[in-house]
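All residue numbers for the sequence shown refer to numbering that gives the first Met the number 0, where the first residue is 0 and numbers rise by one. Note that beta-carbon positions come from the ideal geometry of N, C-alpha and C, so glycine has one too. Taking it in order: structure first as structure tokens, then the write-up.
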Amino acid sequence: MTRRSFPTIERQVFREGMLVDAAALTREQDYHRRHREVLTQAILEPGVLGGFDVALSGAHLLVGPGGAIDALGRLVILSTRAVDADQKPLKFNAEMAELKLPAIPSGGSASLSIAFGETAADPESGQADASPVLAVTEPGQPVPAPAILLATIRNTATGASAPQLEVEISHQRSCGLAIKGQIAASRIAGLDTVTATLARLTKAVTPLEKMPGALADLSAQADERHTQFASLEHSVEQIGEAVDALMPLPEEVRDMRERLGTMGATLDFLEPVPDQLAELSDTSGKQDGRLSTIDHTLERVTAKLGTLDGLPEKLADVTRQIDGMGEFLNRISDFPRMMTHLMNTTDAHTGELRALEKSASHCNSKLADLTPLPDKLKDVAAQAQANASGLQSAHDRLAALDGVEQSVHDQSERLQAVQAQSSAHDTQLAGLKEAPSKISYLMQSEDRLSQRLHAAEQALGRLEQIEASLTAINGRLDAIEKTATRIDDIETHVNSIEKALGKVAQPPGTVEPTDEPRHLPHTLKEFRAAYPHNDEKAMVAAYRDGNYNIGQISAFFGHDYMDLVRGIRRDNYWQWQAELAAKKAAEND
């Protein structure tokens, strides 16, 4: 709040039987005039209240009637009388004052202003009428204070051509409230808060612009891995067909191999199940921890929101002012949901990539196992050729039959081992039948936890919006409290003025100042001993003790008479306010 110095205003006091002359009555008028001017200075800025139309008429200016307030708080009225800068009366044409223009050079300008003025008092009636001073300053000269600028006259002609005059009404001439600067400052503070919030949101959203490109790259990599895996599967099938063609096996062994292949594929599919169960268990534990943190945060949010139930009713006006901000916040409230969706999509793609990487690793291991297969096939072919040449002799046939018999015996033993292994695998498969239901239940639990987490994140985002709104509201409330303090000061000053004039009823329980002596005065030494502090509170205390009247207290303290009167009235006012506050508090209890 801008500090303003206030002058001391003396009041003429009349006594019974006092001779009243013209000077005393003039002082009485000056007292009320100065009060009005000081109050006007405190509330209004200098400028035009209305009127003052300006027009050109040849080499003259025509100024219409109007009213204004100058920098000293005086009321300037142009009606039927006016003078120029030399105090010469001006001619009026159709209720408009006619003023001669000075010579204005090409490209130059002159200023029209009005200042406070009065005519000399009439000797017979003693009346003095308003007669403001209308003046046109020379080109390049400033408007003298406290005159008010009304218009600017410009010569737009170039060179030595005839003057082309134009009238430009001053945009600074309108009269406004002196406290509008504070209101503007509070609005600027609110706009700064909104700008800072937009900057933070822009900074948070900027990284999301890169997400579509990253997701496209991940999708391309996944497609490439899928293509490689498909080609590997095709190669494995071709190799298996070649092996079947080169090495015919018994029907039982072929069936057993197909069964083992199916079981191996099933085991490969179920191989990551324990890891997935462990990951889901860890994720569930983490989600429980995050949910406990979120529940604690929601409790704090609820407690904070509970403290907002007792906000004063005056927040309603401020809330209406920030409704526009609420619309903007509603538009950007979907950002957290979009971010959560992108994160979930990224996690899904990451899981798919991990599965593809595991599949590729498994295929690579199988390819590594199949790498020596061509050499083995060559050896088998060479062995078959050797066996074909050895069939020419019977001994070789018998040896071959003995070898075949031994091979069949070995195959039978291997078949028994495979059957035992198949039984063990069947037992494992029976134990894993319940795994899909457990996985489904854990996935459903994870979905529910994700939904609760998403709702909690939305609540936290809303809390941040509420905190930002409360910050803006607190800024507005600070400005409102400053304005209310200023208004209270003005009301106190106005009440003191009206009380001095006897126009305002006194609050209940007040003590009205009086000049009647209450007791005989004490000596100055005794007075100083009883009231050692030379301030306004000591003066009021001395008066309330009832030992002295106002004149004696003013003389002992050496202060102005009106200072004590203002102190007593101010003390009455604040005492009255304290009693009202105590009464309201008792009623509320």
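Bridge partner(s) assigned by DSSP for LYS598: As shown, the chain starts at 0 and ends at 588. That puts residue 598 outside it, with no answer to give.
query: From the DSSP output, which residues share a beta bridge with VAL53?
result: Note: VAL53 is bridge-paired with VAL62 in the DSSP secondary-structure output.
query: Can you list, in chain order, the residues of its chain whose CB lies under 6 Å from that of ALA146, leaving out five sequence neighbours each side?
result: SER112, ALA114
query: So which of ALA554, ASP477, MET538, THR470 has the shortest CA-CA distance to THR192?
result: In this structure, THR470 is the residue among ALA554, ASP477, MET538, THR470 with its C-alpha nearest to the C-alpha of THR192.
query: If you count every other CB in all the chains shown that lies within 10 Å of the CB of PRO45, and 16 or more means buried, which is it?
result: buried
query: DSSP on ALA161, reduced to helix/strand/coil?
result: coil
task: Sort LEU61, LEU459, PRO88 by Cα distance to GLU94 and report the nearest one.
output: LEU61
message: Looking at LEU98: is its Cβ nearer than 9 Å to the Cβ of VAL47?
response: no
- prompt: Can the beta-carbon of GLY592 be found closer than 9 Å to that of GLY66?
  reply: It is not possible to answer for residue 592, since the shown part of the chain is limited to 0 through 588.
query: So, helix, strand or coil for ILE168, using DSSP?
result: strand
query: Beta carbon of ALA54, beta carbon of VAL132: below 9 Å?
result: No. Outside cutoff.
field: Distance, ALA21 Cα to GLU123 Cα
entry: 14 Å
message: Need the endpoints of the beta strand (DSSP E) that THR151 sits in, please.
response: 147 to 154
- prompt: Just to confirm, are ILE152 and ILE103 a CB contact at a threshold of 9 Å?
  reply: In terms of Cβ geometry, ILE152 and ILE103 form a close pair [threshold 9 Å].
message: By the three-class DSSP mapping on this structure, what secondary structure does LEU38 have?
response: helix
message: I'd like the list of long-range same chain contacts for ALA150, defined as Cβ closer than 7 Å, with 5 residues on each side in sequence excluded.
response: VAL53, LEU111, VAL166, GLU167, ILE168, SER169
task: May I ask you to list the residues that DSSP assigns as paired with VAL47?
output: ALA67, SER173
- prompt: For ALA144, which option in SER108, PHE51, ASP69 has the closest C-alpha, if you only look at C-alpha atoms?
  reply: ASP69
Pick from HIS59, ARG35, ILE552 that is closest to MET538, judged by C-alpha positions: ILE552
task: Report all residues from its chain with a CB closer than 6 Å to the CB of SER78; omit the five preceding and five following residues, and keep chain order.
output: PRO64
query: What separation, rounded to the nearest whole angstrom, lies between the Cα atoms of HIS459 and GLU223?
result: Inspection of the sequence shows that residue 459 is occupied by Leu rather than by His. Answer to the nearest angstrom: the Cα atoms are 40 Å apart.
task: Give every residue of the same chain whose Cβ lies closer than 6 Å to the Cβ of ALA585, excluding the five residues on either side of it in the sequence, and list them in chain order.
output: There are no such residues.
task: Classify VAL12 as helix, strand or coil using the three-state DSSP reduction.
output: The answer is coil: DSSP assigns VAL12 none of H, G, I, E or B.
- prompt: Ordered along the chain, which non-local residues of its own chain (more than five positions away) have a Cβ less than 6 Å from that of GLN11?
  reply: ALA23, ARG26, GLU27
- prompt: Whose C-beta lies closer than 6 Å to the C-beta of ILE76 among residues of the same chain, with five residues either side of it excluded?
  reply: GLY66, ALA129
task: List the endpoints of the continuous beta strand (DSSP E) containing ILE113.
output: Start and end: 108 to 114.
message: Does TYR530 pass the burial test, meaning 16 or more other C-beta atoms within 10 Å, or should it be called exposed?
response: The residue is buried, with at least 16 neighbouring Cβ atoms inside 10 Å.
field: CB-CB length for LEU148 against LEU43, believed under 8 Å
entry: Contact check for LEU148 and LEU43: beta-carbon distance about 17 Å, past the 8 Å limit, so the pair fails to qualify.
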